[in-house]
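Novice: Quick one: the structure is below, and I'll ask about it shortly.
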């Protein structure tokens, strides 16, 4: 276990007043962080899926996430 993790665990234990509360606080932090990372990753990947799903004769406009036909050629 790293020094940072040990320090955080010590602070949570000393402030919460017991192992049960510290475990609950720790699990809440891990769950919240996981949900935030999952949401951020999903948002990023959906943008790329939309961008690369345009045909070669189309251009992607990020402002409204739509494909438009190229004019000319």
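In the working numbering, the protein residues as written are 216 to 288.
Quick reminder that beta carbons are idealized off the backbone N, C-alpha and C, glycines included.
Please read all numbers here as calculations on a predicted model, not as lab measurements.
Express the C-alpha separation of residue 256 and residue 226 in angstroms, rounding to a whole number.
Specialist: 30 angstroms
Novice: Could you please give me the residues that DSSP links to residue 284 through a beta bridge?
Specialist: 273
Novice: Would DSSP call residue 260 helix, strand or coil?
Specialist: Three-state result, residue 260: helix.
Novice: Excluding the 5 residues preceding and the 5 following residue 269 in the sequence, name in chain order all residues of the same chain whose CB lies nearer than 6 angstroms to its CB.
Specialist: Excluding residues within five positions, the ones whose Cβ falls inside 6 angstroms are 275 and 282.
Novice: Just how far apart, CA to CA, sit residue 248 and residue 284?
Specialist: 40 angstroms
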